[in-house]
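Here the structure comes first, spelled out in structure tokens, and everything after it is commentary.
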Amino acid sequence: MNGEFIKRLTNNIWEISVSYKDGMRVPARIFSSDKLIGGIDSKIIDQISNVACLPGIQKFACCMPDGHVGYGFPIGGVAAFSTGDGVISPGGIGFDINCGMRLLRTNLTLGEIEPKKEELLNRLFQTIPPGVGSKGFVSLSRPTFNELMEKGLGWCIDNGYATDSDRDYVEDRGYLEQADSKTISEKAISRGINQMGTLGSGNHYLEIEVLAPNDIFNKEVADVYGLDRDNQVVIAIHCGSRGFGHQIATDYLKLFGKCIRKYDLHIRDSELMAAPIKSAEGQQYFSAMACAANAAFVNRQLIVFGIRKVFKALFGKSDSELGITTIYDVAHNIAKLEKYNIGGYETELLVHRKGATRSFGPGHHELPEKYRTVGQPVIVGGSMETGSALLCGAIKSDQEAFGSSLHGAGRTMSRIKAKKSIKGEEVRQRMKKGGILVKTGYISGLAEEASFAYKDIDSVIDAVDALGLSSKVARFRPVLNIKG
Amino acid sequence: MPYKYTDTHTGSDIGLTATGKTLAELFADSALGLTGIMVDLKGLREDQMLKVDIKSDTLSELYYDWLSEIIFLKDAESFLFKRVSFEYLEAEKGILKAILYGDTINPDRHLLKTDVKAVTLYKFKIEKSFGHWTGELVFDL
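Protein chains in written order, with the numbering used here: chain A, 1 to 484; chain B, 1001 to 1141.
See the structure below:
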């Protein structure tokens, strides 16, 4: 990957200099490893260097080890913009605003759920509907939906869907204060109002996983996160703001197309539509995006509410006996105001993360007190056959990547190719042989999400661990999966 | 077939190339191809009817807005598109009025597939060449 304009800075960082392309305001950095760098698509270089051309960008544009080609930003892209002359770009956030992950711990072990695995899978599938056209169990009026998108997790607490403890362990406590329902179109409301508490489709999933004793890398931190017993059952949820967020992105992408001309912005890619942060349009989108982010936090929480109900009924245990509590909830697709050191001064920046996770290290004042000595949990979703991973945030990410780390394994194969390679039923049988039961409304879709369509999750978490952006804590192996 | 699915550079999504002798054909075929990503078209009835009225600034925007409308109706009205009858189509002026025929989502009757989140602008194209209209699209799944 070395060349005239691309240099290896350290063992795991490759830098694309500003001379690589006309218009680059800052360098771009690819975080990777010897094992992964060979698989980097040249289109990623193109996309991340386009990001480095955007007005007001600070220090460098980053691409995480799980990076792959996206729209505008690569998936795995991180960039921070001045709140003075910078821009906000839907292409740096994605259509699925605040697509993210929730990780729950339980007091249960594999042995306890083993006899009821199939029944558990069926009940979860009925309670948390995945796929096209699914509707949630909560019936919302328009005023209530407005309240929900403006209050985030606070709405869930007011209505009995969340505990105070849930809120303490959600990024930003499940609430972006910029949310303003007046910036939302009728269409976005119509698309989203019936979908709260649903999983969605594509790569979204609900997974019951197990922590084996030899899958713990850092026992001290694992204990702090509530991972405290052999073969402990944990639950991972991957989904976002559903049609509500998708429509907001669609609405504003169109509006921002006009801003490019209005504000004479020079962008290198039509998917990098942007508006100045200070402009009326930029502020409107920021508020609308915050509404979608809040709705996504609520969506994941309503799923948690449904999961708790299913477990209580099936296992005949109380909340305290089951101990289903939130380890953490992270956003993958979002833009937020955060403070970083720029030229010796603490400066507020608008950080865009698209397929990347916030990774605050020990001591960060925004972390709940319990995690302040160890850093923020960084939840990494893998393929449905390989399970997920838990890392902890590191101070180095603050200096190297605007407090960010990776978000998943990273896709390497198209859906069409994956479907040509294997049948969905074969994947289901293979998973069953490996001890994983999977349920989906669309069996052929299993082929699209087969493990070979993704990078090896262990290689990507090794890469960020070596980079020091976050540190490995534990790996989880799937036993039940509901594929969206 | 007046449309075909294509691989995309992004990998996680799906491309669609549609063709038509007229813009009306292109718009109809593109919408059918889009719906075919979400459901097996063979199981769709045509007993539901919806009117749409779209005004856009350009042909390109109209094409984008038309397909975005099909996605919107799937979520907002649980409506799956099967056929269109254009009442008025001045596509190059960005005006479209149509009656859509299709089905209400029903998991008991339909083989539901993968949801489509949005029409992207990635490699988005609508053009006329050798007397045929072609649309190139990538949908975010």
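Even glycine gets a Cβ: it sits at the ideal position worked out from N, Cα and C. All figures in this text were calculated on a predicted structure; none of them were measured in a lab.
Please say whether residue j and residue i have beta carbons closer to each other than 8 Å?
| i | j | result |
| --- | --- | --- |
| PRO65/A | LEU36/A | yes |
| LEU337/A | SER89/A | no |
| ALA453/A | MET413/A | yes |
| LEU1032/B | PHE1139/B | no |
| LEU1121/B | SER1012/B | no |
| ILE307/A | ILE97/A | no |
| GLY468/A | ALA394/A | yes |
| GLY381/A | ALA236/A | yes |
| SER388/A | SER359/A | no |
| ILE184/A | ILE303/A | no |
| LYS1051/B | ILE1099/B | yes |
| GLY23/A | HIS266/A | yes |
| ASN146/A | SER190/A | no |
| ILE113/A | LEU120/A | yes |
| VAL26/A | LYS59/A | yes |
| ASP85/A | HIS68/A | no |
| PRO368/A | LEU103/A | no |
If you draw a straight line from the C-alpha of residue i to the C-alpha of residue j, how long is it?
| i | j | result |
| --- | --- | --- |
| HIS204/A | HIS238/A | 5 Å |
| GLU1077/B | ARG261/A | 35 Å |
| GLY154/A | LEU1112/B | 34 Å |
| LEU1137/B | MET1038/B | 15 Å |
| SER318/A | TYR340/A | 44 Å |
| ASP223/A | LEU322/A | 17 Å |
| ASP1029/B | THR83/A | 44 Å |
| CYS53/A | GLN47/A | 10 Å |
| SER383/A | ARG300/A | 19 Å |
| THR326/A | GLU448/A | 29 Å |
| GLU209/A | LEU199/A | 17 Å |
| LYS1097/B | GLY257/A | 24 Å |
| ALA1118/B | SER470/A | 32 Å |
| VAL87/A | ASN122/A | 46 Å |
| LEU314/A | GLY136/A | 21 Å |
| LYS278/A | ALA80/A | 15 Å |
| LYS354/A | GLY344/A | 27 Å |
| GLU118/A | ILE93/A | 37 Å |
| VAL170/A | THR373/A | 17 Å |
| LYS485/A | THR1008/B | No statement about residue 485/A is possible, as the shown extent of chain A runs from 1 to 484 and does not include it. |
| THR1058/B | GLU1090/B | 10 Å |
| ASP1115/B | VAL132/A | 5 Å |
| THR1104/B | GLY1036/B | 15 Å |
| SER459/A | ALA466/A | 10 Å |
If residue i and residue j are in contact, beta carbons under 8 Å, what's the gap, nearest whole angstrom?
| i | j | result |
| --- | --- | --- |
| TYR1003/B | ALA1018/B | 4 Å |
| ALA275/A | CYS259/A | 4 Å |
| LYS472/A | GLY410/A | Between GLY410/A and LYS472/A the Cβ distance is about 17 Å, and since that is not below 8 Å, they are no contact. |
| ALA450/A | ILE422/A | 6 Å |
| PHE1081/B | GLY1102/B | 5 Å |
| ILE1054/B | LEU1062/B | 6 Å |
| ASN294/A | GLY152/A | 3 Å |
| GLY226/A | ASN333/A | With 8 Å as the limit, GLY226/A and ASN333/A do not qualify as a contact, their Cβ atoms being about 26 Å apart. |
| THR440/A | PRO130/A | 7 Å |
| HIS1110/B | ASP1040/B | 7 Å |
| ALA474/A | LEU390/A | 5 Å |
| THR109/A | VAL233/A | 6 Å |
| ALA288/A | TYR328/A | ALA288/A to TYR328/A, Cβ: 26 Å. No contact. |
| VAL479/A | ILE443/A | The Cβ separation is near 19 Å, so there is no contact. |
Residue i: beta carbon under 7 Å from a heavy atom of the ligand ZN?
| i | result |
| --- | --- |
| ARG358/A | Ligands in the displayed structure: none, and consequently the ligand ZN is not present. |
* Give the residues from the region 408-427 of chain A that approach chain B closer than 8 Å (Cβ to any Cβ), ordered along the chain. => ARG411, THR412, MET413, SER414, ARG415, ILE416 and LYS417
* **Sequence ranges, alpha helix (DSSP H) only - wholly within the region 188-258 of chain A, length at least 4** => 219-224
* Would you list, in chain order, the members of the region 191-203 of chain A that have their beta-carbon closer than 9 Å to a beta-carbon of chain B? => Taking 9 Å as the Cβ-Cβ cut-off against chain B, the residues of the region 191-203 of chain A that qualify are ARG191, GLY192, ILE193, ASN194, GLN195, GLY200, SER201, GLY202 and ASN203.
* Completely contained beta strand (DSSP E) runs for the region 424-463 of chain A, where each covers 3 or more residues -> 437-440
* **Start-end ranges of the beta strand (DSSP E) lying completely within the region 351-400 of chain A, minimum 3 residues** => DSSP runs (the beta strand (DSSP E)) wholly in the region 351-400 of chain A: 377-380 and 389-393.
* Taking the runs of the alpha helix (DSSP H) that are 4 residues or longer, which of them lie wholly in the region 140-179 of chain A? -> 142-151, 153-158 and 164-168
* Could you run through the region 66-81 of chain A and flag, in chain order, every residue whose CB is less than 8 Å away from some CB of chain B? => HIS68, VAL69, GLY70, TYR71 and ILE75
* To do: Could you name the residues of the region 365-384 of chain A whose beta carbon sits closer than 7 Å to any beta carbon of chain B, in the order they occur along the chain?
  => none
* Which parts of the region 1019-1085 of chain B are runs of the beta strand (DSSP E), unbroken and 3 residues or longer, counting only runs that do not cross its ends? -> 1048-1055
* For the region 50-94 of chain A, list the beta strand (DSSP E) runs that are entirely contained and at least 3 residues long, ordered along the chain. => 61-68 and 75-82
* Which residue spans inside the region 103-133 of chain A form an unbroken alpha helix (DSSP H) run of at least 4? -> 110-113 and 117-127
* Contact set between the region 257-275 of chain A and chain B, restricted to residues whose Cβ is under 7 Å from the partner -> SER270 and GLU271
* Selection of the region 1001-1025 of chain B by Cβ proximity to chain A, strictly under 9 Å -> TYR1005, THR1006, ASP1007, THR1008, HIS1009, THR1010, GLY1011, SER1012, ASP1013, ILE1014 and GLY1015
* Residues, ordered as in the chain, of the region 1103-1118 of chain B that lie near chain A by beta-carbon distance below 8 Å -> Closer than 8 Å at the C-beta level to chain A, one finds these residues of the region 1103-1118 of chain B: ILE1105, PRO1107, LEU1111, LEU1112, LYS1113, THR1114, ASP1115, LYS1117 and ALA1118.
* Where the region 109-137 of chain A meets chain B: residues whose CB sits under 7 Å from a CB there -> GLY131, VAL132 and GLY133
* Residues, ordered as in the chain, of the region 429-447 of chain A that lie near chain B by beta-carbon distance below 9 Å -> GLY441, TYR442, SER444 and GLY445
* **Under 7 Å (Cβ pairs) to chain B, residues found in the region 228-252 of chain A** => Taken in chain order, the members of the region 228-252 of chain A whose beta-carbon sits within less than 7 Å of a beta-carbon on chain B are GLY243, HIS246, GLN247, ALA249 and THR250.
* Residues within the region 27-46 of chain A neighbouring chain B, beta-carbon criterion of under 9 Å -> ASP41 and LYS43
* Relative to chain A, which residues along the region 1026-1049 of chain B have a C-beta separation below 7 Å, given in chain order? -> MET1038 and VAL1039
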